[in-house]
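Chemist: One structure follows; several queries about it will come next.
In full-length UniProt numbering, the protein residues as written are 1 to 221.
Structure, rendered in structure tokens:
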């Protein structure tokens with residue numbers, strides 16, 4: 001068994017993956033991370049800001065040399081400092097991206113978010129708590145990259161919203177969870193047979209794939 005946070009790329013079947021707090025008999029139906037597009041965009045912005053800071057610092061050191069020759073001694077510490085910040089920043093963002101995961105199981109929706117490489121929080125919403133779901137693409141950035149976010153809302157007695165952000169199949173996931181909720185409500189005894197969510201598959205391809213996995217049901221009447 002593998003810790004889900006240690007897996008670089010998720011692929012069906014998910015039976016070999018485990019996550020903290022997983023219950024006995026609970027099946028993973030889908031697991032994902034934030035889109036790599038957003039992660040790479042953050043890396044690009046971080047690198048650009050650091051490069052601008054380095055150029056500005058190097059310019060100021062050069063300007064200071066006109067008045068104080070010893071200012072040139074700051075060039076090496078500047079290069080070393082910027083290099084260390086770059087390496088640390090890249091590692092930091094790679095760790096938080098890899099460790100932060102969103103999971104749908106036969107019992108709940110759960111997400112584990114690492115705010116730093118060492119600190120995290122976990123949030124879950126049981127399938128029996130979900131009142132409705134939605135999918136949205138509400139920004140120009142999301143439209144540009146074909147991204148959106150999925151949200152599941154709980155009842156008014158305990159208002160909790162579960163979001164999966166910056167994914168390219170938010171609408172498909174919304175439709176899938178609606179089918180999952182129907183199966184959970186009307187066929188709870190068969191919920192472990194509900195088929196996992198596999199994005200980027202056409203209906204015909206999905207049917208052919210699940211012929212190899214007869215333990216999963218593709219439809220619930």
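Yeah, the Cβ is synthetic: ideal placement off N, Cα and C, and Gly gets one too.
#1: If you run the structure through DSSP and keep just helix, strand and coil, what is residue 148?
#2: Taking all protein chains shown into account, decide if residue 4 is buried (16 or more other Cβ within 10 angstroms of its Cβ) or exposed.
#3: If we ignore side chains and look at the alpha-carbon of each, how far apart do residue 171 and residue 82 end up?
#4: How close, in whole Å, do the beta carbons of residue 190 and residue 217 come, if the pair is a contact with beta carbons under 8 Å?
#5: Can we say the segment 36-53 touches the segment 204-215, given the rule of at least three CB pairs closer than 8 Å?
#6: Who pairs with residue 178 in a beta bridge, going by DSSP?
#7: What does DSSP give as the partner residues of residue 50 in its beta bridges?
#8: Is the segment 129-139 touching the segment 56-65 in the sense that three or more CB pairs, one from each, lie closer than 8 Å?
#9: Starting from the C-beta of residue 58, find all residues in its chain whose C-beta is less than 8 Å away, skip the five residues before and the five after it, and write them out in chain order.
#10: Sorted by chain position, which residues of the same chain lie with C-beta nearer than 7 Å to residue 1's C-beta, five sequence neighbours on each side aside?
#11: Taking only three categories from DSSP, how would you classify residue 60?
#12: What does the Cβ neighbour count give for residue 148, buried or exposed, with the cut at 16 atoms within 10 Å?
#13: In angstroms with no decimal places, state the Cα-to-Cα distance between residue 29 and residue 188.
#14: Given residue 199, which residues of its chain have a CB within under 7 Å of its CB, disregarding the five upstream and five downstream residues?
#15: Where does residue 202 land, buried or exposed, given buried means 16+ other C-beta within 10 angstroms?
#16: Using the beta-carbon count (16 or more within 10 Å), is residue 152 buried or exposed?
#17: Thinking C-beta only, is residue 174 closer than 9 Å to residue 135?
Modeler: Considering the structure as presented:
#1: Correct three-state label for residue 148: strand.
#2: Counting every other CB atom within 10 Å of its CB across the protein chains shown gives residue 4 a total of 16 or more, marking it as buried.
#3: Distance between the alpha carbons of residue 171 and residue 82: 42 Å.
#4: Contact flag correct, Cβ pair sits at about 7 Å.
#5: Touching, no.
#6: Per DSSP, none; premise fails for residue 178.
#7: Paired residue(s): none; residue 50 is not in a bridge.
#8: At 8 Å Cβ cutoff, the stretches do not touch.
#9: Scanning its chain for C-beta atoms nearer than 8 Å, with the 5 sequence neighbours on each side dropped, one finds around residue 58 the residues 75 and 78, in chain order.
#10: 16 and 18.
#11: Helix, per DSSP.
#12: Counting Cβ neighbours within 10 Å, residue 148 comes out buried, since at least 16 surround it.
#13: Rounded to the nearest angstrom, the two C-alpha atoms are 15 Å apart.
#14: So the list reads 169 and 172, once near-sequence residues are dropped.
#15: Counting Cβ neighbours within 10 Å, residue 202 comes out exposed, since fewer than 16 surround it.
#16: By the neighbour-count rule (16 or more Cβ atoms within 10 Å), residue 152 is buried.
#17: Yes, Cβ-Cβ distance for residue 135 and residue 174 is below 9 Å.
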